[in-house]
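Protein chains in written order, with the working numbering: chain R, 1 to 161; chain W, 1001 to 1086.
Have a look at this one:
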């Protein structure tokens, strides 16, 4: 079973002490069918997070919950928006060279035909990584005077191809 | 089927393979620091799934050989043929 490189987008709204933060993450992860027979989603960007499930969708859902709980933990310890933003950026920007390498190898295997995207990943949206620039945005929503429903961002998972 | 190891074994791995590390409980997880890096999402359950441990070892760049001595077969490490060594 090959490893599958994916991209994802997650948006969270986090309450802090006197601030409200909108955190939008566009990240990368690697799905691996491990010897425990679960699908593990290893974070690549950010690289210090992982979770698992019997299906990729379950693993992605659990990773989102773990990520949300991390943001809650950071908010508990950050007395200002600036401190919260700094800690979240630090988490996102910490490099994980090994997971980056494994992600790139998995993408190369798919593009070169050494591996193909099979079930259950064949039903997930395919996308080119260059169309999914990675990054994190932390916005002080308490300062924003304009809110519209069009600003809502659904959680999205795409297979890199 | 899940594969877990006791949380005490994870701490033993850190003590054996990550000298100078710190580990403290947050509300939702354990935050581990080592080697100038942080792994703030380690579950604090009594038994920890091995995938989380693999993720932490990679993220903190802990020696896999050392980790395997504490938790056998945590990682598959290719054996180098001595004849191929320079």
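Even glycine gets a Cβ: it sits at the ideal position worked out from N, Cα and C. This one's a predicted model, so the numbers in the text were calculated from it and none came from an experiment.
Have a look at the options and flag the residue whose alpha-carbon is nearest the alpha-carbon of residue i.
| i | options | result |
| --- | --- | --- |
| residue 1069 of chain W | W:1039, W:1048, W:1021 and W:1014 | W:1014 |
| residue 56 of chain R | R:137, R:125, R:139 and R:140 | R:125 |
| residue 32 of chain R | R:78, R:151, R:156 and R:121 | R:121 |
| residue 1031 of chain W | R:16, R:128 and R:70 | R:70 |
| residue 80 of chain R | R:138, R:155, R:145 and R:97 | R:138 |
| residue 15 of chain R | R:9, R:145 and R:140 | R:140 |
| residue 1017 of chain W | W:1074, W:1064 and W:1043 | W:1064 |
| residue 46 of chain R | R:118, R:117 and R:63 | R:63 |
For residue i, does the three-state DSSP call read helix, strand or coil?
| i | result |
| --- | --- |
| residue 1050 of chain W | helix |
| residue 62 of chain R | helix |
| residue 120 of chain R | coil |
| residue 31 of chain R | strand |
| residue 1019 of chain W | coil |
| residue 1085 of chain W | In this prediction, residue 1085 of chain W has a pLDDT of 49, which is less than 50 and means its spatial position is unreliable; what the coordinates show is noted afterwards. Note: residue 1085 of chain W maps to coil in three-state DSSP. |
| residue 39 of chain R | strand |
| residue 84 of chain R | helix |
| residue 139 of chain R | strand |
| residue 129 of chain R | helix |
| residue 70 of chain R | helix |
Answer with buried or exposed for residue i, where buried requires no fewer than 16 other C-beta atoms within 10 angstroms of its C-beta.
| i | result |
| --- | --- |
| residue 159 of chain R | buried |
| residue 972 of chain W | For chain W, the structure presents residues 1001 to 1086; residue 972 of chain W sits outside this window and is missing. |
| residue 38 of chain R | buried |
| residue 1077 of chain W | exposed |
Below 9 angstroms between beta carbons is the criterion; list the residues of the stretch 1044-1069 of chain W that meet it against any residue of chain R, in chain order. Shown in chain order are the members of the stretch 1044-1069 of chain W whose Cβ falls below 9 angstroms from a Cβ of chain R: 1049, 1050, 1051, 1052, 1054, 1055, 1056, 1058, 1059, 1060 and 1061.
*Interface residues of the stretch 1032-1043 of chain W facing chain R [CB-CB below 7 angstroms]*: Listed by position along the chain: 1037, 1038, 1039, 1040 and 1041.
Note to self: Under 8 angstroms, with one C-beta from each stretch per pair, do the stretch 1026-1036 of chain W and the stretch 122-137 of chain R reach the 3-pair mark?
What the structure shows: No: the two stretches stay apart, fewer than three of their Cβ pairs being nearer than 8 angstroms.
Requested in this report: Closer than 7 angstroms, Cβ to Cβ, to anything on chain W: give me those residues from the stretch 48-76 of chain R, in chain order.
Outcome: Hits within the stretch, in order: 48, 49, 50, 52, 66, 69, 70, 72, 73 and 76.
_Which residues of the stretch 1019-1031 of chain W have a Cβ closer than 9 angstroms to any Cβ of chain R? Give them in chain order._
Listed by position along the chain: 1026, 1027, 1028, 1029 and 1031.
Exercise. Taking a cut of 8 angstroms between CB atoms, which residues from the stretch 79-91 of chain R lie near chain W?
Worked result: Correct list: 90 and 91.
Contact between the stretch 139-152 of chain R and the stretch 8-27 of chain R is defined here as three or more beta-carbon pairs at a separation below 8 angstroms; is this criterion met?
In the pairwise beta carbon analysis, the stretch 139-152 of chain R is classified as touching the stretch 8-27 of chain R: at least three pairs are separated by under 8 angstroms.
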